[in-house]
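A short write-up of the structure that comes next.
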DNA sequence: TGGCTTTTTTGACGAATCGTCATATTATTA
DNA sequence: TAATAATATGACGATTCGTCAAAAAAGCCA
């Protein structure tokens, strides 16, 4: 009896494992199609063909094409959360930790430009209109985690005096500042606007400079004028994002 | 003969006028459908029905649905250019003029949230992939105008000493800073993230605060600490954006 | 005015894709 | 092994896109 039950449960869990694995396979395939041939080439039929299942099976996993895209997006946000968590654990000053979030964000999107496109795609109305409230809530919850992580550092800065007490009411504003600046930069970067032709510096460079001035404006200690910002960038990124930097180097060498 | 020619030319120009008028009619109709029923309700067929022409005629004006959407977007950018031009003519300090651009941008998007969605929609890959290079170039040219207007103010600031000479090489970075911050804020604002539920202040308020700190960080004189930023906001917006403020008041009163 | 030419409009059509569902297949259980 | 449950399939209807041959309208000339 207990054996039978064991068999039952292990069998079930094997099934479940298979299903989960296939879910990842579908996501991977969709991502690959997206990367290689663009959004309009990605169809449910093609995903099905590629993994050698039928369309109906895909629909057993994802209720619509938009649902699939959104799930892809959630995976990206989860990756970002991991990066943010690393930044939060950095043992430097609060300002360094906050900066680390910005750096991690930039590096991630530099390393995975296609992920940024996913994120942007899901923000688009044509897609959002078709998402279920459940799926939207799932994504929102992930975004909330990111906000929480970011906010916690500003909180710490005020508690330890790196940020003046008078900015306590501006905590969410400061979070929003970093967020909007980076989010906007990322979207501009991957739009068709030829930033470098127009005389703009690399986005990562500009973001770092602007973030420093932004935080200087809030008098977040220690100010960027005290030490060399470029050195700080290298210090933080090599301490936290060794892997990302390596991969990034490989990418740029190859192209 | 000259009369005949006159008749001819006036006939031609009447035709041309009719065509242009219809083009606007199509755009207006598409915008209305978009506003009232969302992106997925907007179909070429429905636009045709609404203006009582056939689908083929719509396709005489716009080569695809994406082309139509992009044209809508170009109209929005043109509106923004007009706002930016107003800001550039403001007779205050360079910093006030630069701030005025940010204020105009915020107010415009607050007043026309649907326009922001158009802009975002066009940035989306699914749409962009289907646009002709000509159409993309048209939009890029408009965006370039906006960049130029913004950049000119930073240039002036350096020339007159409001910004230190050492920032000369950072002109485009400073432009990018304002731009990314506002662009990101606008997109976050109209995404599904419930900012106010999450404890964020109104986006216009946060943007104003963050822009000031950002410019303070660059030591752009006169610093926001010298005078009351709130008063400055009112001063600039009532001097330049009287109309927008009025309309905005009406909107908020109605809801 | 009447007839010829050019321009514009029309809507039926083929193609692509979505999402569904009755049926077929496979796995599980007794 | 046979009955039952779970899963996979792909044909199907629906929607929308964009095209194009034919129809209608406008322009032109004698």
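Residue numbers (this note's numbering), protein chains in the order written: chain U, 4 to 258; chain A, 4 to 258. Just so it is clear, CB atoms sit at the ideal spot from N, CA and C, and this is done for glycine as well. These figures come from a predicted structure and were not determined experimentally.
Can you grab the Cα-Cα spacing for the pair residue 131 of chain A / residue 171 of chain A, in whole Å?
-> When rounded, the distance between both Cα atoms is 34 angstroms.
Quick one: grab the DSSP three-state call for residue 185 of chain A.
-> Helix.
In whole angstroms, what separates the C-alpha of residue 209 of chain U from that of residue 101 of chain A?
-> Each residue's Cα considered, the two are about 18 angstroms apart.
Between which two residues does the alpha helix (DSSP H) containing residue 205 of chain A stretch?
-> Residue 205 of chain A: not part of any alpha helix (DSSP H); DSSP gives it neither H nor E.
Kindly say whether residue 35 of chain U, judged by its beta-carbon, lies nearer than 7 angstroms to any beta-carbon of chain A.
-> Chain A, which has no Cβ nearer than 7 angstroms to the Cβ of residue 35 of chain U, makes this no.
Out of curiosity, what's the CA-to-CA distance linking residue 73 of chain A and residue 142 of chain A?
-> If you draw a straight line from the Cα of residue 73 of chain A to the Cα of residue 142 of chain A, it is about 8 angstroms long.
Hey, is residue 179 of chain U's beta-carbon within less than 7 angstroms of any beta-carbon in chain A?
-> Between residue 179 of chain U and chain A, the shortest Cβ-Cβ separation is below 7 angstroms.
Under 7 angstroms between the Cβ atoms of residue 104 of chain A and residue 87 of chain A?
-> In this structure, residue 104 of chain A places its C-beta atom within 7 angstroms of the C-beta atom of residue 87 of chain A.
Taking 7 angstroms as the cut-off, decide whether the C-beta atoms of residue 28 of chain U and residue 54 of chain U are in contact.
-> Against a cut-off of 7 angstroms, the Cβ pair of residue 54 of chain U and residue 28 of chain U comes out as a contact.
Start and end of the alpha helix (DSSP H) containing residue 55 of chain U?
-> First-last for residue 55 of chain U: undefined, no H or E at that position.
In terms of alpha-carbon separation, which member of U:81, U:160 and U:113 lies closest to residue 206 of chain U?
-> Nearest option by C-alpha distance: U:113.
Per-residue DSSP class, three states only, for residue 13 of chain A = Reliability fails at residue 13 of chain A, whose pLDDT of 45 lies under 50, so the model's placement of it is uncertain and the value that follows must be treated cautiously. Annotated three-state conformation of residue 13 of chain A is helix, per DSSP.
Supposed contact pair residue 83 of chain U and residue 34 of chain U - C-beta distance, whole angstroms, cut 8 angstroms = Contact between residue 34 of chain U and residue 83 of chain U is ruled out by a C-beta separation of about 16 angstroms, above the 8 angstroms threshold.
So with Cβ pairs under 7 angstroms, would you call residue 60 of chain U a contact of chain A?
-> Chain A contact via Cβ: absent.
Could you tell me the distance, in whole angstroms, from the CA atom of residue 156 of chain A to the CA atom of residue 235 of chain U?
-> Cα-Cα distance, rounded: 31 angstroms.
Using the beta-carbon count (16 or more within 10 Å), is residue 63 of chain U buried or exposed?
-> Exposed.
Contact list for residue 107 of chain U against chain A, beta-carbon separation under 7 angstroms | Within 7 angstroms Cβ-Cβ: nothing; residue 107 of chain U doesn't reach chain A, min ~17 angstroms.
So, residue 194 of chain A versus residue 126 of chain U, is the Cβ gap smaller than 7 angstroms?
-> Taking 7 angstroms as the cut-off, the beta carbon of residue 194 of chain A is found closer than this to the beta carbon of residue 126 of chain U.
Secondary structure at residue 127 of chain U, three-state DSSP: helix, strand or coil?
-> If DSSP states are grouped into helix, strand and coil, residue 127 of chain U belongs with coil.
Closer than 7 angstroms, CB to CB, is residue 69 of chain U near chain A or not?
-> Not closer than 7 angstroms to any Cβ of chain A, the Cβ of residue 69 of chain U fails to qualify, so no.
Grab the span of the alpha helix (DSSP H) containing residue 65 of chain A for me, first residue to last.
-> Element bounds for residue 65 of chain A: n/a, residue is neither H nor E.
Please determine if the segment 180-190 of chain A and the segment 182-201 of chain U are in contact, where contact requires at least 3 C-beta pairs separated by less than 8 angstroms.
-> Contact between the segment 180-190 of chain A and the segment 182-201 of chain U is present, because at least three Cβ pairs lie under 8 angstroms.
Where does residue 198 of chain A sit, in a helix, a strand or coil, going by DSSP?
-> It is coil, neither helix nor strand.
What is the rounded straight-line gap between the Cα of residue 12 of chain A and the Cα of residue 20 of chain A?
-> The predicted position of residue 12 of chain A is uncertain, since its pLDDT is 44 and thus under 50; a value taken from the coordinates is nonetheless stated next. Taking the Cα positions, residue 12 of chain A is about 12 angstroms away from residue 20 of chain A.
Flag residue 87 of chain U as yes if its beta-carbon sits less than 7 angstroms from any beta-carbon of chain A, otherwise no.
-> False, the Cβ-Cβ gap to chain A never drops below 7 angstroms.
For residue 164 of chain U, which option in U:214, U:224, U:198 and U:152 has the closest C-alpha, if you only look at C-alpha atoms?
-> If we check each option's Cα against that of residue 164 of chain U, U:224 comes out closest.
Cβ-based contacts, 7 angstroms cut-off: residues of the segment 99-131 of chain U near chain A | Hits within the stretch, in order: 120, 123, 124, 126, 127, 128, 129 and 131.
Would you call the CB atoms of residue 243 of chain A and residue 89 of chain A closer than 7 angstroms?
-> When the beta-carbon positions are compared, residue 243 of chain A and residue 89 of chain A come within less than 7 angstroms of each other.
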